[in-house]
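**Q** For the sequence shown, the working numbering gives the first residue as 1, with consecutive numbering after it.
We put the beta carbon where it would ideally sit given N, CA and C, even for glycine.
Here the structure is a predicted model, which is why all the values come from computation and not from measurement.
Would you mind keeping the following structure in view while I ask a few things?
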Amino acid sequence: MLRFLSTSPKTTTRIGRTSSSKSAFIGRAIISSSSSNASLRASSSSSSRFCLGKCYTSFSTSKAATVAATTRRSLLSSASPFSATSSFASFPRSNAGETVHSSNESGRRRKRYSIQANAGTPREECMVTTPIYYVNDKPHIGHVYTSTVADIYARYKRLQNMDVFFLTGTDEHGLKVEQSAEKRQIPPQALADENSLVFQEVMKANEISFDDFIRTTDERHTTQVQAFVEKLLKSGDVYLGKFEGWYDEGQEEYYTETKAKECNYESPISGKPMVRMEEENYYFKLSKYESKVKELLATSDSFLTPKERKNELLQRVNDGLNDVPISRTNFTWGIPMPGDEQHVIYVWIDALMNYITAIGMAKDGEAKQKYWPASMHVMAKEISWFHAVIWPAVLMALDLPLPMRVHAHGFWIREGRKMSKSLGNFVDLTVLNKFSTHYGLDGFRYYLATEGPIGAQDANFASSRVQEVYGTDLVNTFGNSTSRTTAMCVKYFDGVLPEKSDDTSKIFKGYDWKSICEKEAAEAVRAYENLELNKATQAAMRIITKVDLFITETEPFRMAKDPNEQENLGAVLYQCLEALRISACILEPILPNKIKEMHAGLPLYANVSDSMGKRLVWGGLKPGTTVSKLALFPRLDPLDENGEIMKEEAQAPATSNKPAKKSKTKVEKVYSPETQAKIDAQGALIRSMKESGKTNDDAEVAEAVKILKELKA
Ligand code: MSP
Numbered sequence: 001m002l003r004f005l006s007t008s009p010k011t012t013t014r015i016g017r018t019s020s021s022k023s024a025f026i027g028r029a030i031i032s033s034s035s036s037n038a039s040l041r042a043s044s045s046s047s048s049r050f051c052l053g054k055c056y057t058s059f060s061t062s063k064a065a066t067v068a069a070t071t072r073r074s075l076l077s078s079a080s081p082f083s084a085t086s087s088f089a090s091f092p093r094s095n096a097g098e099t100v101h102s103s104n105e106s107g108r109r110r111k112r113y114s115i116q117a118n119a120g121t122p123r124e125e126c127m128v129t130t131p132i133y134y135v136n137d138k139p140h141i142g143h144v145y146t147s148t149v150a151d152i153y154a155r156y157k158r159l160q161n162m163d164v165f166f167l168t169g170t171d172e173h174g175l176k177v178e179q180s181a182e183k184r185q186i187p188p189q190a191l192a193d194e195n196s197l198v199f200q201e202v203m204k205a206n207e208i209s210f211d212d213f214i215r216t217t218d219e220r221h222t223t224q225v226q227a228f229v230e231k232l233l234k235s236g237d238v239y240l241g242k243f244e245g246w247y248d249e250g251q252e253e254y255y256t257e258t259k260a261k262e263c264n265y266e267s268p269i270s271g272k273p274m275v276r277m278e279e280e281n282y283y284f285k286l287s288k289y290e291s292k293v294k295e296l297l298a299t300s301d302s303f304l305t306p307k308e309r310k311n312e313l314l315q316r317v318n319d320g321l322n323d324v325p326i327s328r329t330n331f332t333w334g335i336p337m338p339g340d341e342q343h344v345i346y347v348w349i350d351a352l353m354n355y356i357t358a359i360g361m362a363k364d365g366e367a368k369q370k371y372w373p374a375s376m377h378v379m380a381k382e383i384s385w386f387h388a389v390i391w392p393a394v395l396m397a398l399d400l401p402l403p404m405r406v407h408a409h410g411f412w413i414r415e416g417r418k419m420s421k422s423l424g425n426f427v428d429l430t431v432l433n434k435f436s437t438h439y440g441l442d443g444f445r446y447y448l449a450t451e452g453p454i455g456a457q458d459a460n461f462a463s464s465r466v467q468e469v470y471g472t473d474l475v476n477t478f479g480n481s482t483s484r485t486t487a488m489c490v491k492y493f494d495g496v497l498p499e500k501s502d503d504t505s506k507i508f509k510g511y512d513w514k515s516i517c518e519k520e521a522a523e524a525v526r527a528y529e530n531l532e533l534n535k536a537t538q539a540a541m542r543i544i545t546k547v548d549l550f551i552t553e554t555e556p557f558r559m560a561k562d563p564n565e566q567e568n569l570g571a572v573l574y575q576c577l578e579a580l581r582i583s584a585c586i587l588e589p590i591l592p593n594k595i596k597e598m599h600a601g602l603p604l605y606a607n608v609s610d611s612m613g614k615r616l617v618w619g620g621l622k623p624g625t626t627v628s629k630l631a632l633f634p635r636l637d638p639l640d641e642n643g644e645i646m647k648e649e650a651q652a653p654a655t656s657n658k659p660a661k662k663s664k665t666k667v668e669k670v671y672s673p674e675t676q677a678k679i680d681a682q683g684a685l686i687r688s689m690k691e692s693g694k695t696n697d698d699a700e701v702a703e704a705v706k707i708l709k710e711l712k713a
């Protein structure tokens with residue numbers, strides 16, 4: 001029986017998100033400047049304006065020239081399920097249909113302050129960064145998450161054959177580190193060494209594919225930070241000034257008169273009285289760059305993402321930017337101010353500069369300088385102010401190009417509450433390790449990628465969702481479909497794809513696979529570019545669900561019994577395997593190990609150096625290829641919130657106080673392998689429809705349920 005069913009179900013859903021935001025604050029200074037320049041406000045008639053280029057989405061390998069993708073969908077019907085069709089395009093095009101330009105290095109360097117990212121010119125180099133993590137904290141899900149997101153992006157860019165430099169590291173200076181070390185009666189450097197090593201090990205254990213790990217106590221960093229600050233001193237962008245303001249000792253924060261008054265001169269956190277402080281400090285002339293930063297945020301949609309962040313920051317910038325103190329004298333654990341060693345450089349200036357010291361931007365003839373400007377700084381929202389306001393201003397003052405994109409995602413929260421030391425509700429390393437050991441590194445990465453707070457919203461960590469996402473997408477969809485189709489290839493063709501099975505003229509009505517895969521591949525690439533990781537996975541899952549439906553409709557097990565249907569059987573299996581190959585190539589940045597495992601049973605590309613663009617082109621599998629049966633994702637017991645395997649009683653749905661009904665012995669019906677396969681596919685289809693928000697009242701779902709009942713009857 002051949003039925004035409006058309007659907008594009010979504011396979012993952014998000015669950016309740018609440019938002020919380022921790023705003024970072026750099027004390028607003030009331031300046032009585034000792035520098036000659038009393039005018040601290042920048043004139044808005046600044047001569048060097050931003051040069052915002054036309055916005056392109058760069059999604060291809062940098063070498064790819066303009067490629068047209070003509071999507072032609074054949075809906076030919078004929079007596080045979082197969083009919084002839086026409087050609088297909090070789091490479092997906094960006095959603096906006098822009099021309100993709102080749103790399104233009106000289107153009108990149110020419111424009112000062114230009115937001116090259118926004119000009120979107122694809123290029124050879126791609127620098128991806130995570131924040132550098134504080135060594136006085138223990139690694140937890142937040143750190144692993146941001147690093148995983150950056151890792152996925154870096155892997156994706158490497159698959160596009162870009163020259164990727166992926167940087168991470170540790171932030172090791174500051175009062176808190178000094179105090180923690182004092183408590184333990186060890187030198188701060190010893191504490192930093194110990195904890196930096198923990199972060200390095202965690203990153204390695206999670207297979208974060210960083211190219212460099214920078215530490216702010218590295219000599220290569222400290223000397224260059226001093227060189228940059230010296231440059232700023234010379235240009236007058238850093239000057240010695242007197243700061244007077246209200247200080248919250250507990251929070252180590254300065255407040256403006258207005259804000260302090262609003263709080264009744266008491267700390268909004270501890271309630272303790274604020275202290276009137278006067279401090280001589282070095283200041284960075286942030287005010288000078290106010291109009292440029294405002295323009296940057298206001299005119300670019302891609303410099304700071306998600307867009308909600310942009311609106312938040314613009315509001316703050318519109319309140320005015322005051323100069324910021326960038327040195328401290330109340331502790332010594334930091335980089336000394338050049339020429340005035342009583343001061344140490346403020347930890348945020350020290351930390352932000354890691355992005356340029358790691359690639360030797362203050363050195364002569366350093367080859368890694370080619371990676372600047374960074375393509376992508378990934379972090380969470382609490383530090384977007386530093387990265388999207390302070391950092392661009394510092395770079396402008398240093399006369400360096402601006403990063404192309406700052407992505408500030410939301411927070412992982414737990415049971416609706418922010419994770420914090422005082423609540424003790426972190427998903428800490430021990431728990432994280434239990435999840436990644438149980439579900440496999442890739443299984444857990446998949447959960448982080450699909451359910452994580454990549455956008456503006458926070459995301460709740462829930463063990464039940466880890467189990468659901470793993471079971472639905474990886475076991476029942478990807479794993480099941482791969483194992484069925486490879487098993488059929490082994491059973492019906494001794495594991496060798498038959499001659500001419502790739503015949504492009506054989507198209508089953510409603511299943512123009514070239515077009516389907518091309519469309520989904522383009523969507524996945526678009527999603528990766530935008531860091532919409534869940535959407536990239538959904539594109540792959542849509543293909544896989546469709547493969548299951550295709551099997552249900554074409555009934556290869558029936559064809560296998562009919563000697564006249566052997567060619568069609570070969571074509572059906574080829575199309576299933578080729579569609580699965582493309583789905584796997586889409587998922588590779590997220591599931592690097594599983595995809596390697598899959599490649600051993602079903603070759604996914606001819607050469608490891610083939611770009612993602614090439615891999616995503618229909619027809620990669622060749623007749624004659626040997627295929628072996630794959631079992632990628634085992635079924636697993638659920639874990640509880642602490643990562644312990646749940647006892648069976650706990651797995652059952654919650655019951656009331658009523659005495660349990662006598663259980664009836666349920667006799668499991670046994671179906672033939674063919675029927676069971678159809679039932680599985682139909683079940684997967686219904687699940688995915690429901691996950692995309694449809695209910696039993698939808699005609700499509702009702703029809704699918706009816707078919708399932710018929711199959712089971
Ligand atoms: N040292 C600074 C960053 C300097 S970068 C020039 C810092 N370090 S941190 O150790 O506190 O790391 C903060 C980052 O860790 C966040 O921006 C985010 O990337 C990650 N996360 C920490 N907690 C998080 C969550 N609860 N959820 C998601 N990510 C979070 O700030």
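Just how far apart, CA to CA, sit residue 352 and residue 592?
**A** Taking the straight line joining both Cα atoms gives about 30 Å.
**Q** For residue 660, which residues from the same chain have a beta carbon less than 7 Å from its beta carbon, with the 5 sequence-adjacent residues on both sides left out?
**A** In this prediction, residue 660 has a pLDDT of 41, which is less than 50 and means its spatial position is unreliable; nothing more can be read from the coordinates.
**Q** Return yes when at least one heavy atom of ligand 1 lies under 6 Å from the C-beta of residue 352, else no.
**A** Yes, ligand 1 has a heavy atom inside 6 Å of this Cβ.
**Q** If the criterion is Cβ atoms closer than 7 Å, does the pair residue 583 and residue 601 meet it?
**A** No, the Cβ-Cβ distance between residue 583 and residue 601 is not below 7 Å.
**Q** Roughly how far, in whole angstroms, is the beta-carbon of residue 625 from the beta-carbon of residue 497, given that I think they are within contact range, below 8 Å?
**A** Contact holds; Cβ gap of about 5 Å.
**Q** DSSP three-state label for residue 228, please.
**A** Reduced to three states, the DSSP call for residue 228 is helix.
**Q** Over what stretch of residues does the alpha helix (DSSP H) that includes residue 188 continue unbroken?
**A** Taken as a continuous stretch (DSSP letters only), the alpha helix (DSSP H) holding residue 188 covers 188-205.
**Q** Given this structure, state the Cα-to-Cα distance separating residue 51 from residue 384, to the nearest angstrom.
**A** Its pLDDT being 29, under 50, residue 51 is placed unreliably in this model, and the coordinates cannot settle the point.
**Q** Mind checking residue 538: buried by the 16 CB within 10 Å criterion, or exposed?
**A** Under this definition residue 538 is a buried residue.
**Q** What residue does the alpha helix (DSSP H) around residue 144 start on, and which one ends it?
**A** From DSSP, the alpha helix (DSSP H) with residue 144 extends over 141-159.
**Q** Excluding the 5 residues preceding and the 5 following residue 198 in the sequence, name in chain order all residues of the same chain whose CB lies nearer than 7 Å to its CB.
**A** Contacts found: 139.
**Q** Specify the secondary structure class of residue 418 as computed by DSSP and reduced to three states.
**A** Here residue 418 sits in strand by DSSP.
**Q** Residue 601: beta carbon under 6 Å from a heavy atom of ligand 1?
**A** Outside the cutoff, so no.
**Q** If you follow the beta strand (DSSP E) that residue 342 is part of, which residue opens it and which one closes it?
**A** Start and end: 340-345.
**Q** Does the count of Cβ pairs from the segment 631-647 and the segment 423-434 closer than 8 Å reach three?
**A** Verdict: yes, contact present.
**Q** Less than 7 Å between the beta carbons of residue 255 and residue 327, yes or no?
**A** No, they are not a contact pair.
**Q** In the DSSP output, which residue or residues are listed as bridge partners for residue 716?
**A** There is simply no residue 716 to check, as the chain begins at 1 and stops at 713 in what is shown.
**Q** Using a Cβ-based criterion (distance less than 6 Å to any ligand heavy atom), does residue 208 qualify as near ligand 1?
**A** Flag unset: Cβ of residue 208 not near ligand 1.
**Q** Measuring CA to CA, which of 422, 216, 451, 617 is closest to residue 357?
**A** Per the Cα distances, 216.
**Q** Among 456, 324, 407, 522, which residue has its Cα nearest to the Cα of residue 616?
**A** Of 456, 324, 407, 522, the residue nearest in Cα terms is 522.
**Q** What does DSSP give as the partner residues of residue 639 in its beta bridges?
**A** Answer by DSSP bridge pairing, in chain order: 645.
**Q** Cβ of residue 447 within 7 Å of Cβ of residue 475?
**A** It is not a contact, given that the beta carbons lie outside the stated cut-off.
**Q** Return helix, strand or coil for residue 492, following the three-state DSSP convention.
**A** Helix, per DSSP.
**Q** Okay, do the segment 162-181 and the segment 327-342 touch, 3+ Cβ pairs below 8 Å being the bar?
**A** Contact between the segment 162-181 and the segment 327-342 is present, because at least three Cβ pairs lie under 8 Å.
**Q** Leaving out five residues before and five after residue 265 in sequence, what residues of the same chain have Cβ atoms less than 7 Å from its Cβ?
**A** Contacts found: 246, 273, 274.
**Q** For residue 501, tell me which candidate among 442, 154, 646, 577 has the shortest Cα-Cα distance.
**A** The shortest Cα separation from residue 501 among 442, 154, 646, 577 belongs to 577.
**Q** For residue 237, which residues of its own chain have a beta-carbon under 6 Å away from its beta-carbon, when the five flanking residues on both sides are left out?
**A** Contacts found: 285, 397.
**Q** Cβ of residue 145 versus every heavy atom of ligand 1: is any distance shorter than 6 Å?
**A** Residue 145 Cβ: within cutoff of ligand 1.
**Q** How big is the Cα-Cα spacing for residue 419 and residue 338?
**A** Whole-angstrom Cα-Cα distance: 39 Å.
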